[in-house]
C-alpha cells in the first residue's frame, strides 16, 4: 500500500495504529505525547501504560487507543540525540522496525506515525526523515496490505529535512513561470525540446513512435493558440487518410508501460512498490489497455522504471499528459528527473513541502 504524508495533529488522525513518540517510563509527556494521552483519555491511557511498566530505547509496545480514532496506540521510544556517536541512528531504525512489527502482530492495515525523535529528543530532522523514509519503504516492500502515513505538524519540517531544498528553491525560481524573474522565450524552448524528441526517436534513445505516426510540430503566433502541423486540418487529404491514421495509433500508456516492464525484466511488485502504488491500482492498469492515469500516477511509474526526462515525457504523452514549466508539481518532478533521482518517496517529501499532489498515492 502507498506511503502518505499529511499535515495534522497525530491525535486527530484516523488509523488502525497511531504511534506515540514515547519516553522509557511510558508517562504522559509534553508536546504531541501529552496531547495524544489527553485525546485518548489520560487516566485510561496512563493506567494501560503503567500495567506494561516501561519500554527500552529502540523498542515499542502497544495499548488500546481508547477515545482516539484508532484501534491501538503503539508507544515507540526513540533515542535522545547525543551527537550521533552513541548509536542513535541504529536505535532509531530499531524503533521503526519494532513499530511495524507490532502493527503486523496486531493485524493493522494502516499505521500513522510522527517523525520520531526529531522533536524534544533533538535528532537532526534531515537524518530522522531519511531513516523514517528508508525504514518505511523497506517495510512496505513486503507488506502490500498495510498503508503508512507520516504525520507532521508543519510543512517546514520537510524543508528542514531535505538537503536539496535550497537547490530546489533556486531551480523553481529559475524555471517556474509564475515566479521566475527572468524573461524567457518559451516558443524557442518548446521547439527546441520537441526537436529533441524527434532526434532521439530517430536514434532509438527513447520510446519511438509506432509506424505510421504523424510527427506533430508546433508553430506559434503572438495572438493564437499553438497549431499542430500534424493535426487533421494540416495533414489529412480525406477519409482514407484518417482511416490510416486511426489504424496506426501509438501504443497506449498501459501497453507501453507493460512493454517497458518486460524489457527491463522487472516483476510487477517491484514496479508498484517503487511507484508507491497499491497492488489493486496496478492491477487495474495492467488489465485495461485504455487506462488513463492521473499525472502523479504516470510520473510515479516513470520514476519506478528510472526513465529520464525525455522518456518520461513520451510515456506521459501516451496518456495525453506532459511536464511543463507552468506548474510547481511539474517543475519539482523535472528537477529530480534531470538529476537522475528516481526515489518516489524522496520526491514526495519535496512535493509535500510545496503543498503539491504526491506521486503514486492516488489513481
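Residue numbers (this note's numbering): 23 to 385. Virtual Cβ for every residue (Gly too), placed ideally from N, Cα, C. The model shown is predicted, which means the values in this text are computed figures rather than measured ones.
Fully contained in the segment 143-167 is no beta strand (DSSP E) run of length 3 or more. Cβ-Cβ separation between residue 141 and residue 53: approximately 6 Å, consistent with a contact (criterion under 8 Å). If you ignore the 5 residues before and after residue 61, its C-beta comes within less than 8 Å of the C-beta of 33, 34, 89, 90, all in its own chain and listed in chain order. Looking at the DSSP output, residue 95 shares a beta bridge with 40, 85. Rounded to the nearest whole angstrom, the C-alpha separation of residue 112 and residue 76 is 20 Å. Residue 345 has its alpha-carbon roughly 27 Å from the corresponding atom of residue 289. When C-beta atoms of the segment 326-342 are compared with those of the segment 269-286, three or more pairs fall below 8 Å, so the two segments count as touching. In terms of Cα proximity to residue 47, the closest of 349, 58, 71 is 71.
Rounded to whole angstroms, the separation of the alpha carbons of residue 73 and residue 185 is 42 Å. DSSP lists 172 as the bridge partner or partners of residue 27. In this structure, the CA atom of residue 275 is about 10 Å from the CA atom of residue 343.
The DSSP-derived three-state label of residue 355 is helix. Between residue 119 and the set 102, 138, 187, 106, the nearest pair of CA atoms involves 138. Take residue 310, set aside five residues on each side of it, and the residues of its chain with a beta-carbon closer than 7 Å to its own are 276, in chain order.
Taking the Cα of residue 279 as reference, the smallest distance to any Cα among 92, 307, 298, 296 is reached at 307.
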